[in-house]
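2 protein chains.
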Amino acid sequence: MPDSPSTADALPASAGSITDVPGVRVGQVTRRGDGWLTGVTVVLPPPGTVGGVDVRGGGPGTHETDALDPRTLVPTVDAVVLTGGSAYGLVTAHGVQRWCAEQGRGFRVGPGAGEVVPIVPAAAVFDLGRGGRFTAHPDEATGYEAAVAAASPDGTTVRRGVVGAGTGALVGRRFKGGVGTASLRLDGAEEGVVVAALVVVNAAGLPMPPGATGPSPPLGRSPALNTTIGVVATDAGLDPAEVSRTATTAHDGLARALDPVHTMSDGDTLFALATGARALPSERAARVASLVRVQAAAAEVVRRAVLDGLLAAEPVMVDGLEFPVWPGG
Amino acid sequence: MPDSPSTADALPASAGSITDVPGVRVGQVTRRGDGWLTGVTVVLPPPGTVGGVDVRGGGPGTHETDALDPRTLVPTVDAVVLTGGSAYGLVTAHGVQRWCAEQGRGFRVGPGAGEVVPIVPAAAVFDLGRGGRFTAHPDEATGYEAAVAAASPDGTTVRRGVVGAGTGALVGRRFKGGVGTASLRLDGAEEGVVVAALVVVNAAGLPMPPGATGPSPPLGRSPALNTTIGVVATDAGLDPAEVSRTATTAHDGLARALDPVHTMSDGDTLFALATGARALPSERAARVASLVRVQAAAAEVVRRAVLDGLLAAEPVMVDGLEFPVWPGG
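Line by line, the protein sequences are chains A and B.
Going by our numbering, the first residue of the first sequence is number 474, and it counts up by one from there.
Going by our numbering, the first residue of the second sequence is number 474, and it counts up by one from there.
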């Protein structure tokens, strides 16, 4: 269960998860061994969920992000895919799309049962070759399998660490990264609203521990592509522009957790989802005040989720070489 | 061969093609009959080509467009995919990506022969169900086949009309659309520079004939998704920001050829490619003057390519129902 915002400066052993947002489910597929060290994580929100995205890194690998611009026709998102495999891995979005179409989930374009176009945006992390084989990247069927997992009874529980799209993730080029998640339940005027995040931490930057104020030691030559990608979700009712702004604010959680981040060698991308179960005030001043609190919470859950992903990671051995865990944990 | 800019107000019978840009090749696969009316068009530029994009429609279906932002790490594009099948058809980009990887084309991320990540952005037009079967959309193998066609001896010739990604295209909800292409060879300070376009015309709007000044008759209920997508290419040397601006300017060719366009029911997306074979002046004022002429030509070739696509289209019968050609042709 999520804790309260008053504990924001301490990192609890378990900080809740993105599935604390009612109706949000997660499915993960992990491919390890025999050259593989990669996977896929799917976030499956309830029908009618409004989506947005902010791409802030210099090396993004993304799919269907333009459809999430608030100036476009379709405000809803059927699933979000986070994947390993760099641009090759984006094909997993089509497996998730196939699953959604079979379920009749998608933007309706005709009267027939299957006449839908599922909106399944995706972002990828670079992990090519980390398991030993460059071509061992997730395929369309892996995406389908992750969607099935999200819809299964296990879809309300989030595994963390070396799992799903975090399987091949590293931080600071040598420490094991992974999947992290966190949630907060708001009080006051937004009593009961849940704001949560799931991230895949694959950053060039090193973590800034809670309370740290200075930068991490400078890095040497940056790797080709490093990326933290993730999803922020809430049950608050946000319109497309508000949910896009929430994705923007959420990137501040990356800035507070990792240094450096958002550089040319990162592909940092965050999606935001609003299920709309809990309406925010419609009166403008009260609404803006509520949005500020929801968006500030979005940054905080991203910060916590990054640290959660590092704390949950375990060392991984590949061909006798160890990727250790971050010693700051 | 391209004609000169001085004939800009008249539409020649053949207005040149995008393969007039040295090194640019086109491959198209057409799927017609037995429920199918769709296809794929691949534009394959020479290695080192710089790419940009501008997404201006309200219902875009796109892939890997964020990587083309001029603020990102990788300035080059390995291929551009235009496809039918709406968001389902974007999977064809992965077939083209597979072909590029086999050829060693892509952004290098390691020392091994195949250690590349091909940058293959894509955009889709909505043609689902137009051949009679909603699920008859192009797949990964169709994309691969189109890449092979682009690299074949036929890749220097562009078929127009009801072909490739234009196979299922319509304009004004009832007239047959298709693939069109055009080119211009500049003179003066940009002597010999070629600017060319290939577009897939699938617009809600009706064509504005050359010289028309008023709007077309208002449309009734807009269809779900209509889209004109395309590629502008030049052999001028443009940097990533300049090529992105060129994509923006090129959209004015759509505004001059179609009305309405760029609305919530369109997914209009144009890519721009600069092979860099012909350097523009480096002195700032002269360079800006050259850019203005290249970019104005980009808008003009898009306008001509749209009209070319309509003129090249032929009527198509599906289940006894005819999609006629545009009578203005």
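Here a beta-carbon is modelled for each residue, glycine too, at the ideal position from N, C-alpha and C.
Every value quoted in this text rests on a predicted model; they were computed, and no experiment measured them.
- Message: On a Cα-Cα basis, can you pick out the residue from A:S490, A:G508 and A:A706 that is closest to P518 (chain A)?
- Response: Taking the first residue of the first sequence as 1, we reach residue 518 (chain A) at position 45. Nearest option by C-alpha distance: A:A706.
- Query: Can you name the residues of chain A whose CB is closer than 9 Å to the CB of A540 (chain B)?
  - Reply: Mapped onto the second sequence, residue 540 (chain B) falls at position 67. Simply G532, P533, G534, T535, A560 and G740.
- For L727 (chain B), which of helix, strand or coil comes out of DSSP? In the second sequence, residue 727 (chain B) corresponds to position 254, counting from 1. Of the three classes helix, strand and coil, the one that applies to L727 (chain B) here is helix, per DSSP.
- Message: Measuring only the C-alpha atoms, how far is A782 (chain A) from R757 (chain A)?
- Response: Within the first sequence, numbered from 1, the residue matching residue 782 (chain A) stands at position 309. Within the first sequence, numbered from 1, the residue matching residue 757 (chain A) stands at position 284. Reading off the sequence, residue 782 (chain A) comes out as Gly, not Ala. Straight-line Cα distance between these residues: approximately 37 Å.
- Proximity of T701 (chain B) and L727 (chain B) at Cβ, strictly below 8 Å: Counting from one through the second sequence, the residue named residue 701 (chain B) turns up at place 228. Counting from one through the second sequence, the residue named residue 727 (chain B) turns up at place 254. Yes, the pair counts as a contact, with Cβ atoms nearer than the cut-off.
- Partner residues on chain B for G587 (chain A), Cβ-Cβ distance less than 9 Å: The sequence position of residue 587 (chain A) within the first sequence is 114, counting from 1. Chain B residues near G587 (chain A): F607 and T608.
- Message: With a threshold of 7 Å on Cβ separation, who are the neighbours of D725 (chain A) within its own chain once the five nearest residues in sequence on each side are excluded?
- Response: Taking the first residue of the first sequence as 1, we reach residue 725 (chain A) at position 252. If we look at D725 (chain A) and ignore the five residues flanking it on each side, its Cβ neighbours are A772.
- Check whether the region 514 to 531 of chain B touches the region 736 to 752 of chain B, taking contact to mean three or more Cβ pairs, one atom from each stretch, closer than 8 Å. yes
- Cβ shell of P691 (chain B) (< 7 Å), same chain only, five flanking positions each side left out: Counting from one through the second sequence, the residue named residue 691 (chain B) turns up at place 218. Any reading at P691 (chain B) needs caution, since the residue's pLDDT is 40, under 50, leaving its predicted position unreliable; the model's value is listed next. None.
- Message: Just to make sure I have the definition right: I need the residues of chain B whose C-beta is within less than 8 Å of the C-beta of I592 (chain A). Which are they?
- Response: Taking the first sequence and counting its residues from 1, the one referred to as residue 592 (chain A) is at position 119. By Cβ distance, chain B contributes A560.
- Message: Taking the beta strand (DSSP E) that L555 (chain A) belongs to, which residues open and close that run?
- Response: As a working note, residue 555 (chain A) is residue 82 in the first sequence. Counting along the chain, the beta strand (DSSP E) containing L555 (chain A) begins and ends at V553 to T556.
- Item | Selected residue, minimal CA-CA separation from D507 (chain A), among A:W572, A:V589 and A:H610 | To locate residue 507 (chain A), count along the first sequence from 1; it is residue 34. Selected option, being the one with the closest Cα: A:H610.
- Message: Against chain B, with Cβ distances strictly below 8 Å, would H724 (chain A) count as a contact?
- Response: By one-based count along the first sequence, residue 724 (chain A) stands at place 251. Not one chain B Cβ lies under 8 Å of H724 (chain A).
- Can you tell me the Cα-Cα spacing of S755 (chain A) and D600 (chain B), whole angstroms? As a first step, residue 755 (chain A) is located in the first sequence; it is residue number 282 there, counting from the start. As a first step, residue 600 (chain B) is located in the second sequence; it is residue number 127 there, counting from the start. Taking the straight line from one Cα to the other gives about 39 Å.
- Message: Checking 8 Å against the spacing of the C-beta atoms, do A670 (chain A) and G703 (chain A) come in under that value?
- Response: Mapped onto the first sequence, residue 670 (chain A) falls at position 197. Mapped onto the first sequence, residue 703 (chain A) falls at position 230. In contact: A670 (chain A) and G703 (chain A) (Cβ atoms closer than 8 Å).
- Task: Measuring only between beta-carbons, confirm whether R633 (chain B) sits less than 8 Å from chain A.
- Result: Translated into positions along the second sequence, residue 633 (chain B) becomes position 160. Not one chain A Cβ lies under 8 Å of R633 (chain B).
- Item | Interfacial residues, the region 733 to 757 of chain B to chain A, with Cβ spacing under 7 Å | M737 and S738
- Query: What are the boundary residues of the beta strand (DSSP E) that includes W509 (chain A)?
  - Reply: Counting from 1 along the first sequence, the entry for residue 509 (chain A) is found at position 36. Segment W509 to L517, the beta strand (DSSP E) holding W509 (chain A).
- Enumerate in chain order the residues of its own chain whose CB-to-CB distance from A488 (chain B) is below 6 Å, with the five nearest sequence positions on each side excluded. Against the second sequence, residue 488 (chain B) aligns to sequence position 15. Excluding positions up to five away in sequence, the list reads A655, R777 and D781.
- Query: With respect to 7 Å, is the separation between the Cβ of R646 (chain A) and the closest non-hydrogen atom of the ligand ZN below this value?
  - Reply: Of the ligands one can find in the structure shown there are none, so the ligand ZN has no counterpart to examine.
- How about V704 (chain A): is its C-beta nearer than 8 Å to some C-beta of chain B? In the first sequence, the residue the question calls residue 704 (chain A) occupies position 231. Not an interface residue.
- Item | Residues from the region 642 to 665 of chain A in contact with chain B, defined by Cβ distance under 8 Å | none
- Query: Would the beta-carbon of G531 (chain A) fall within 8 Å of that of S738 (chain A)?
  - Reply: Numbered from its first residue, the first sequence carries residue 531 (chain A) at position 58. Numbered from its first residue, the first sequence carries residue 738 (chain A) at position 265. Their beta carbons are under 8 Å apart, which means G531 (chain A) touches S738 (chain A) by this criterion.
- If you compare alpha carbons, which of A:A574, A:G583 and A:P594 is closest to T514 (chain A)? Within the first sequence, residue 514 (chain A) is the residue found at index 41, counting from 1. Among A:A574, A:G583 and A:P594, the Cα nearest to that of T514 (chain A) is on A:P594.
- Message: Any beta carbon of chain B sitting closer than 8 Å to that of R544 (chain A)?
- Response: Locating residue 544 (chain A) in the first sequence gives position 71, counting from the first residue. For R544 (chain A), the answer is yes, since a Cβ of chain B falls inside 8 Å of its Cβ.
- If you draw a straight line from the alpha carbon of Q501 (chain B) to that of A619 (chain B), how long is it in whole angstroms? By 1-based counting over the second sequence, the position of residue 501 (chain B) is 28. By 1-based counting over the second sequence, the position of residue 619 (chain B) is 146. Rounded to whole angstroms, Q501 (chain B) to A619 (chain B) spans 5 Å at the Cα level.
- Assumed close pair A597 (chain B), L563 (chain B) - CB separation to whole angstroms, cut-off 8 Å: Counting from 1 along the second sequence, the entry for residue 597 (chain B) is found at position 124. Counting from 1 along the second sequence, the entry for residue 563 (chain B) is found at position 90. Contact holds; Cβ gap of about 5 Å.
- Item | Rounded straight-line distance, which links the Cα of R504 (chain B) to that of P626 (chain B) | Counting from one through the second sequence, the residue named residue 626 (chain B) turns up at place 153. Counting from one through the second sequence, the residue named residue 504 (chain B) turns up at place 31. Whole-angstrom Cα-Cα distance: 21 Å.
- Candidates B:T719, B:G740 and B:V674: closest to R633 (chain B) by CA position: Here the question's residue 633 (chain B) lines up with position 160 in the second sequence. The option with the nearest alpha carbon to R633 (chain B) is B:V674.
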